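This report concerns only the one structure given below.
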Amino acid sequence: MANVSDKLASMACPLGVLYVILAFAAAQTPSPPQQVTPATVLVNKGVVVSLFPYPFPGHVELFEGIDPKDMTGATPSTQHPFLQENILITQLVPDPSSNAMYYIDVHTNSIYRWDNVTTTLNDQTVSTINQTTKVFEGLSRAICKLDLDYLTQNIYWSDPLLHWIAMKPANSLDPADTKILITDDVEYVAALALDAESKFLFWVSSAYEDGKMERSNLYGGERRVILSTSFGFVDDMTLDMNEKQLYWVDSYRMTVETATYDGTGRRVIRRLVGTEFTSIAVIEGNICLINYDSYEMQCMFKTSGDRYAYHSFYPSNPYAVGFFNPAVQKTPLENPCATKTCNHICVNTALQPKCLCGDGYTLDPDGMTCSQTTPLYENAVVMTNSTHICMIQVSSLSSSATYKPIRCEVTNVTKDTTHIQSHVAKNLLYYTAKSKDPASSNKTQLVQFDLSSQRHWVVVADMEEPDDMAFDWVGEKMFTCHSKLKLIKAWDVVTGRSSIIYSGNDVKKVSELAIDPHRANLFWIADTIDGLGIYVGTFTGDRPVKLIGSGTLTNPSGISYEYLDDSVCFIDSGRFASITVNGTITNHRISVGSATKSLIYKNYAVWNAGPATLKMSLFSLDASVFTTITTMGTIHSIALFSKETQKAYLDPCKISNGGCDDLCFRRNTTVYCQCDFGRTLKPDGKACSATPLTTNFMLVADLSHDRIIQVSLDGNTLVSLPINNLMTPAMVRYGHHDDLLYWCEVGSKDIKRGTLDGTRVERLITIGGGLLYWADAYTDQDKIEFIDLEGTTSSRGVLLRDMTSDMVDLTVSAGFLYYVGYNKHRITKVDINTKQPVQYMTSQPEFGVLDSVDIVPTENTQPVNALCGSNKGMCSHYCFSTPSGKKCGCPDGMYLDQNTQLTCTTAPPTCPMQIPNGLLNPGCSARIGTSCGYSCTTVNYAKNPSITILNCTSSLFWNFPTDSLCIEKVCPTNMKLGQLVDCMGKANDACSWTCPSPLVKLQSIDVVTCLSNGKWSTNLDNLCLPRVKCNSVIPNGAFKGCSYQAGTSCEVVCNAGYSPLVDFVNCLPDGIWDKKSNNICGLTKVVEPEKLTQASSNAGLTAAVGVVVTLLVILIALAVAFYFFRRRIFSPDKQNVQGRYRSSPNVYFNASDNRGAAATSPAEGYSNPSLHAGNGEAMPNTNPLKLDQINLADDNTKQNLQNEGHYDSIREGRPVAGAAGPHEAVNPLYTTMQPQEEMAYKNAESVPEKPGYHRFN
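Mapping of the sequence shown onto mature numbering (1 follows the signal peptide of the UniProt record, and there is no 0): residues -27 to -1, 1 to 1230, in sequence order.
Here it is as structure tokens:
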């Protein structure tokens, strides 16, 4: 390279000189202008359209170098065929960054990559035949959708019939790298798109009217519904990554629509009636669409929807369009997975790249490598012959290859294997086989095979050979049927124990078995005493019911349960059939010959066809049958291994729509409801409501969604009227005379009417039946044609030809047709049934040119109203037929009598003059157009507050029903916190009530009464009260086993030194004990005996001393007693002196009490009889001291009061039990003088005596 550069540098100067010389010579010598050839510029863009192979082989049309904005109807294109002559391309996904195009071929059910697209764009002679690579095979026979994450080079596709969204690396041909991404609640995905930059995946599932648009991240997580109403059938969708806008075509709604990534800003760009688009592509400000039926591509501006280009491909049908243009991909963007070493798949996420594993593998802890979970595919058909258990992917069954890859996981370890079942959640297979142990070789065993550990375990070592078996994956039980034993048994696969579910004639000649684990139903084929049939029973052995009998069946076999529509599928007479559990039979067109084994996988049926052959087809169609020839020999049994067919729970939205009025969605097993357009969700979260507008609205009929919509005149309010079961409503009108809605239904061919709130709907007329006849004199054929009243093309025919007659008019009566013509001088009669003329009239020379004909027969042969046919229906003037009967009419100036509805009078008609339980206001004429007030005359009735004025309408009815004017006064019966019992709430009703726990009923009353003013005697909100508790703390004790709830009783336990004054206390409804807390535990009264001294060893001396001491004490005591006695008796002021009153506890004294009765307890007001006053008498306490005589400041007094439990009562000035008055207290046994009083009296003698009390020193 260096030498070449040096030579070019050395030549630069001479060449420059030469150029100047040549230029000068050319300027001096004129010469003809030279042709300059521009440099070749490579084309790197174009519009690609796929065309179906009729009448030419399948191919694509390339518009090389064209931007969509430059498209016209005359833009040239080039055909490029593919290797597959019958190729049917339904999706085109350009990848300019990799110079490739991905497409789906329905003919081979495969995804392909077309490489080196720019080579084809720049050289029209280059064929695409050798530039395609099959990336994936195994799509269903449906219009699958495809898109590409061009950053990570992962392709995503939806399969509407297999009900999943899957993905794989676009550059990997290893089937193990395929990942089924989303399977839950994606029943029919008709459109799919993704944004590699924003990392969002979008799709529309259940693409019909209950469809919804969803969004997730690129590995299927973070799902959310972004749009859920007003879908028809979404055929295709795409997006604009720059504007973050979604675009889709809806063939049922005939719309092109758009919305943002979160579903807001939805807008119809263009509606084209009669047009069904199959594909859409968007770039910058342009949209191009394919109209398959019209053989054309249309392009429009995506803002206005104005069309600017039409390109016809006639006679070939285009299907898909794609823009191979760098502008469809945002660049430069880096591949986030370039530095991530993933074993199988790398996806881009919002935070960082994430590794995924293909089906049958799990991600290792390192987050990058994958380990095989099970040798089985995640969605497979398991087959068994005598010695092997093998499987084949469900998706591969629909491939075009006859021989497909099969994995055999159990080889030569079984003997005479006859039946097989799977437990997908635990990676287990169960099969029956003969024991390989020679000692028990004749025994049939039920064996479990663990796919993870590759180990076998005998569940049942010896069982009767079953005719069939079915596995309950919810309860982990195997059900087997035995025709010889007339048994259906259930086996616990953990313990191996069995139980008999059905026996005897109910299962006579039972041959095959199927189950519905979620509803615990068993289905079997048996030839019982009731005949051959398919029966349904339960896991608990309830009485079986015959679903279908021998009158319909010939030789049924291959029974299986289909969970999507709760039906039992079977083979009979060489064809598939199904019957729902409620007895609806559907015969399908699939011809299966002599097949005996079958299963249903979503929308597909799989069956055995010959010893080693499986076949698969759409369940509802006898078309596209795929054949798989195995190398297994005779296939004994087949079963599914799929998580999707062994769900742990039923979809709650499939059961009564999840309780939702309109739209049901779920997150796992949790249901949430939404309402359709124009309706509002009620507070219960289930029901939807729509309150019709009453004034200032327009009415529109929505043919696409079977609804009638009100639109307020200001355009701000839209209400979908709650009228059920509409069938394509049209021509809706509002009847001001009766405030009813009138409409016709295209679907039911009815004219109906009803109220705005949908509470009353009735059919007026059914359109249909009969034929329409017409004469045609202007086609030089002079014929009479007919067609049914629906205009069905196939019903059109020619009744008669009469050349040169110039027939112009006809009429029909009693099965005959009569017609006249300009060139006919007679009326011709034709038998409608035979289509032959009947001899009727000869030519009449006097007839001129006959123009019309009609018939008035003596007996009306047309349908007549029997009510009007006799005596004018008793009408005085006119009788008119109505859909429901008849109606009388009157001439102008006369009015129909509103009472008889038969006669006509000259008196102007009025609206009803009487109203129930009320009167019209005086002066009300009740004529049409007048307004009147009213009043209610019955005591228990009141005016409807929402109706104050009545207007008499042209139909002679008030604008409100008269029975709604005076309404009976009733009390409201709804309680916030309880429920009235059997209560209507009418005046004078007395009602009881109940309260929910933990509330309790109000105890003060038993019933509430509805008063004449419509109010209850007691507020309903006050009838149920919160349950209250009593105080749990009491002085000197506690409660035993007590809840403290109102209405309960509690046992008392007192502390040491205290005794219960009561055994139980009751907690009242207001939370107060029925005993005072200080009257529950009292101080225990104990009198200790005198202690005896121990006798000394000198007994005699001790006794003597004791006698002397005793005598001295007695003498001293007598002297003291005599002294005080004399003072009391002889003191002149003995009534005016009182000493300090102190005593030991429980000694009561009162000189004025002379009952002399011994007290039974201190509570009765008596002292302890073991203690005596100075005169040796027990001292009763019937006259208590005054409260103000007790010194609470004295410590001893306070302590004694507290021990007795009276301190609080006396401190608060309250009397205690046994007191004689409100200002007195029992047990005063304490200092009765205040301290300042004691200071005034230094000795007892100087204390003034209080009346009625002894002085005690």
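Just so it is clear, CB atoms sit at the ideal spot from N, CA and C, and this is done for glycine as well.
Note that the coordinates shown come from a computational prediction; the quantities given were computed from them, not determined experimentally.
Short of 8 Å from the beta carbon of residue 727, and not among the five residues preceding or following it, lie these beta carbons of its own chain, in chain order: 696, 713, 714, 733, 734, 735. For residue 620, the closest of 471, 536, 500, 644 by C-alpha to C-alpha distance is 536. Taking 8 Å as the cut-off, the Cβ atoms of residue 332 and residue 153 count as close. Apart from the 5 residues on each side of it in sequence, residue 526 sits with its Cβ closer than 6 Å to the Cβ of 505, 545 in its chain, given in chain order. Distance check between residue 438 and each of 1086, 417, 445, 451 places 417 closest, using alpha-carbon atoms only. Distances from the alpha-carbon of residue 282 to those of 48, 378, 136, 319 put 48 closest. By the C-beta density criterion, residue 814 is exposed, having fewer than 16 other C-beta atoms within 10 angstroms. For residue 52, the number of other beta carbons within 10 angstroms of its own is below 16, and it is reported as exposed.
If you ignore the 5 residues before and after residue 777, its C-beta comes within less than 7 Å of the C-beta of 755, 796, all in its own chain and listed in chain order.
Ranked by Cα distance from residue 293, the options 193, 76, 329, 425 are led by 76. Looking at 970, 963, 959, the one whose alpha-carbon comes closest to that of residue 987 is 959. In chain order, 273 place their CB closer than 7 Å to the CB of residue 279, counting only its own chain and leaving out the 5 sequence neighbours on each side. When DSSP states are grouped into helix, strand and coil, residue 276 belongs to the coil group. Burial check for residue 435: the Cβ neighbour count within 10 Å stays below 16, so the residue is exposed. Of the candidates 66, 157, 138, 80, 157 places its Cα closest to the Cα of residue 640. A distance below 6 Å between beta-carbons, with the five flanking residues on each side excluded, links residue 237 to no residue of its chain. Annotation: the stretch 858 to 889 contains the following complete segments of the beta strand (DSSP E) (minimum length 3 residues), in chain order: 858 to 862. Counting only runs of 3 or more residues that sit fully inside the stretch 471 to 539, the beta strand (DSSP E) segments are 471 to 476, 485 to 489, 494 to 501, 504 to 511, 518 to 522, 530 to 535, in chain order. Inclusion of residue 221 and residue 260 in the CB contact set at 8 Å is not warranted, their separation being larger than that value.
Separation of the CB atoms of residue 33 and residue 21 is rounded to 6 Å, and the pair is thereby assigned contact status at 8 Å.
One alpha carbon belongs to residue 914, the other to residue 890, and they sit about 7 Å apart. In this structure, 1005 is the residue among 1054, 1005, 1009 with its C-alpha nearest to the C-alpha of residue 1044. In the structure shown, residue 632 falls within a helical segment according to DSSP collapsed to helix, strand and coil.
Measuring C-alpha to C-alpha distances from residue 1012 to each of 983, 480, 1046, 571 identifies 1046 as the nearest. For residue 172, the number of other beta carbons within 10 angstroms of its own is at least 16, and it is reported as buried. When C-alpha distances from residue 768 are compared across 758, 578, 775, the shortest belongs to 758. When the beta-carbon positions are compared, residue 284 and residue 605 stay at least 8 Å from each other.
In its chain, beyond the 5 residues on either side, 530, 531, 544, 581 have a beta carbon closer than 8 Å to the beta carbon of residue 569. Non-local C-beta neighbours of residue 137 in its own chain, meaning closer than 6 Å and more than five positions away in sequence, comprise 153, 156, ordered along the chain. Of 1088, 668, 460, 134, the smallest CA-CA separation from residue 498 is found for 460. Going by beta carbons, residue 132 and residue 164 fall outside the 8 Å limit. The three-state reading of DSSP puts residue 782 in strand, counting E and B together. The alpha-carbon of residue 631 is positioned some 6 Å away from that of residue 637. As a beta-bridge residue in DSSP terms, residue 296 pairs with 20.
Residue pairing for residue 446: DSSP places it in no beta bridge. When the Cα atoms are used, residue 521 and residue 481 turn out to be separated by approximately 16 Å.
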